[in-house]
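Those letters in the sequence shown? Residues 14 to 384, by the numbering used here.
For each residue, glycine too, the CB sits at the ideal point set by N, CA and C.
Note that the structure is predicted; figures quoted are calculated from it, not measured.
Before any comments, here is the structure.
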Amino acid sequence: MKRLLLYVIFSICCFAVFAQTLFPVQIKGKWGFTNAAGKLLIAPIYDYAESFYNGRAVVALNNQPCAIDENNSRVIDTGFYINIQRFSEGVSKVTTVKLQQFFVDVNGNRVCNVPIDVYDARPFKNGLSGIAKKVDIHETKFNNDIVNLGYKFGYMNKNGQEVIACKYDDADDFENGFARVRVDKKFGVIDTLGNEVVAPLYFNIGKFIEGKAWVDIGGNYGYINNKGIVLIRPIYNYAYDFSEGLAGISIDGKFGFIDEMGKIVIAPQYEAIRPFSQGLAAVKQNGKWGFIDKYGTLKMRFVFDNAMLFVNDRCAVLVKRKWGFIDATGAIVIPAEFDAVGTFSDGLAEVMIGQVSVYVNKQGIIIPQLK
14 MKRLLLYVIF
24 SICCFAVFAQ
34 TLFPVQIKGK
44 WGFTNAAGKL
54 LIAPIYDYAE
64 SFYNGRAVVA
74 LNNQPCAIDE
84 NNSRVIDTGF
94 YINIQRFSEG
104 VSKVTTVKLQ
114 QFFVDVNGNR
124 VCNVPIDVYD
134 ARPFKNGLSG
144 IAKKVDIHET
154 KFNNDIVNLG
164 YKFGYMNKNG
174 QEVIACKYDD
184 ADDFENGFAR
194 VRVDKKFGVI
204 DTLGNEVVAP
214 LYFNIGKFIE
224 GKAWVDIGGN
234 YGYINNKGIV
244 LIRPIYNYAY
254 DFSEGLAGIS
264 IDGKFGFIDE
274 MGKIVIAPQY
284 EAIRPFSQGL
294 AAVKQNGKWG
304 FIDKYGTLKM
314 RFVFDNAMLF
324 VNDRCAVLVK
334 RKWGFIDATG
344 AIVIPAEFDA
354 VGTFSDGLAE
364 VMIGQVSVYV
374 NKQGIIIPQL
384 K
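Below you can see the structure in the form of structure tokens.
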């Protein structure tokens, strides 16, 4: 299934949580949209359908992309573009048959051009779009100058102006005013004005969450703030993002948790861990998963084959090769009968039964109902 969100380790952290009231569903090979109650509000007439963003969804009709609103009115008709990017911050990048790129608003009106020398432009985040330019990369081998095609990355604003020069070897989208960038093989962080707030000194950097980001100094992990100041010394074998005031760390192959001061509050004793969510964290011991609270007290026994994070009072768990959901007491409230699952958003979670992608609500009802 094109839209299947496979549930693998920590993938839940990467799933987008979007404020939507309509959910794409596939019925007899065609895509339509249902609401959280399972009522089909947009008939399954499309060859492909994505989720709604900014009140608009990119769909395909007769294998041509178009965009619709929640009333199923086309804001961008078929035949105009060969590609339509999902909407973000009120705009979407479109590509014509002549490979011209520009951004349109939610009504399909052109608002800015993508500079002609820009190879690609990503969705806007924090008012900026990450862009890439093709460049020649020179290197000397056996006393010969060898030229290879490469890319440099920067950012443009909604006027189509390159406001942060394409000088980075890689660059992430902005999030909460910061973006990770790479210079040669080291990572740093810039703000939306292009100011270097963390020098490119690290082998890797996490996202700033709760004011802190983990950093990798050649296999040793610690934490910095958004000014680049080291808050927790790099003494760990591995480190995770902070969540609910605690962060997972690894020492000598075992995992535990530290607080914001770097104090170990749950001793490294587990084979693997998940971040805290809704006051609980999944931890692995002797090949099985259970759950602990922030004091390290075991709240659910080690009986699950895999476990993820609580979202909307539900947590996906693996039991005998099938996924289901538990509540905060550990009770299986949605039977383990799915081959893959996503995370809950607006009352539904995408799940897979065999090769069929559907949704399940918090009560375990399949949407749409399968015949």
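Using the Cβ count rule (16 or more neighbours within 10 Å means buried), how would you classify residue 329?
The residue given as residue 329 occupies position 316 in the sequence shown. With 16 or more other Cβ atoms within 10 Å, it is buried.
Give every residue of the same chain whose Cβ lies closer than 7 Å to the Cβ of residue 94, excluding the five residues on either side of it in the sequence, and list them in chain order.
In the sequence shown, counting from the first residue as 1, residue 94 sits at position 81. Once the five neighbours on either side are set aside, the close Cβ partners of residue 94 are 78, 107, 108 and 109.
Member of 282, 287, 190 and 314 whose CA lies at the smallest distance from the CA of residue 239
Numbered from 1 along the sequence shown, position 226 holds the residue referred to as residue 239. Ranking 282, 287, 190 and 314 by Cα distance to residue 239 puts 190 first.
Are there 16 or more other CB atoms within 10 angstroms of the CB of residue 9, so buried, or fewer, so exposed?
Outside the displayed span of the chain (14 to 384) sits residue 9, for which this structure offers no information.
Short check: CB of residue 218 to CB of residue 211, under 8 Å?
The residue you call residue 218 lines up with position 205 of the sequence shown. The residue you call residue 211 lines up with position 198 of the sequence shown. A contact, by the Cβ cut-off of 8 Å.
Please go through the same chain and pick out, in chain order, the residues whose beta-carbon is closer than 7 Å to the beta-carbon of residue 282, but skip the five residues on each side of it.
In the sequence shown, residue 282 corresponds to position 269, counting from 1. In the same chain as residue 282, and ignoring 5 residues on each side of it, the C-beta atoms closer than 7 Å to its own belong to 267 and 269, in chain order.
Where the beta strand (DSSP E) containing residue 39 begins and where it ends:
Translated into the one-based positions of the sequence shown, residue 39 becomes position 26. 36-40 is the span of the beta strand (DSSP E), which, as asked, contains residue 39.
Between which residues of its own chain and residue 119 is the CB-CB distance below 7 Å, once the five residues before and five after are set aside?
On the sequence shown, residue 119 is found 106 positions in, with the first residue counted as 1. So the qualifying residues of the chain are 67, 68, 69, 88, 100 and 103.
Examine the Cβ distances between the region 222-230 and the region 162-181 and report whether three or more of them are shorter than 8 Å.
no
Helix, strand or coil: how does DSSP classify residue 274 here?
Taking the sequence shown and counting its residues from 1, the one referred to as residue 274 is at position 261. Looking at residue 274 - three-state DSSP - the assignment turns out to be coil, as it is neither helix nor strand.
What residue range does the beta strand (DSSP E) around residue 304 cover?
Translated into positions along the sequence shown, residue 304 becomes position 291. Taken as a continuous stretch (DSSP letters only), the beta strand (DSSP E) holding residue 304 covers 301-305.
With DSSP as the reference, please indicate the residues paired to residue 175 in a beta bridge.
The count along the sequence shown starts at 1 and reaches residue 175 at position 162. Its beta-bridge partners are 169.
Which of helix, strand or coil does DSSP assign to residue 124?
Working through the sequence shown from its first residue, we reach residue 124 at position 111. DSSP places residue 124 in the strand class (E or B) of the three-state scheme.
What's the C-alpha gap between residue 14 and residue 275?
For this step, residue 14 is matched to residue 1 along the sequence shown. For this step, residue 275 is matched to residue 262 along the sequence shown. Any answer about residue 14 is weak, because its pLDDT of 41 lies below 50 and its placement is not dependable; what the coordinates show is given next. In a straight line, the C-alpha of residue 14 is about 43 Å away from that of residue 275.
Under three-state DSSP, which class holds residue 269?
On the sequence shown, position 256 is the one that residue 269 refers to. Of the three classes helix, strand and coil, the one that applies to residue 269 here is strand, per DSSP.
Can you tell me the Cα-Cα spacing of residue 127 and residue 147, whole angstroms?
What you label residue 127 is simply residue 114 of the sequence shown in a count that begins at 1. What you label residue 147 is simply residue 134 of the sequence shown in a count that begins at 1. When the Cα atoms are used, residue 127 and residue 147 turn out to be separated by approximately 14 Å.
Completely contained alpha helix (DSSP H) runs for the region 72-118, where each covers 4 or more residues:
none
Name the DSSP beta bridge partners of residue 234, please?
Translated into positions along the sequence shown, residue 234 becomes position 221. Paired residues: 229 and 249.
In chain order, what residues of the same chain lie with their CB nearer than 7 Å to the CB of residue 288, ignoring the 5 residues before and after it?
Residue 288 sits at position 275 when you count from the first residue of the sequence shown. Within the same chain, residue 288 has close Cβ partners 253, 254, 256, 261, 294 and 322.
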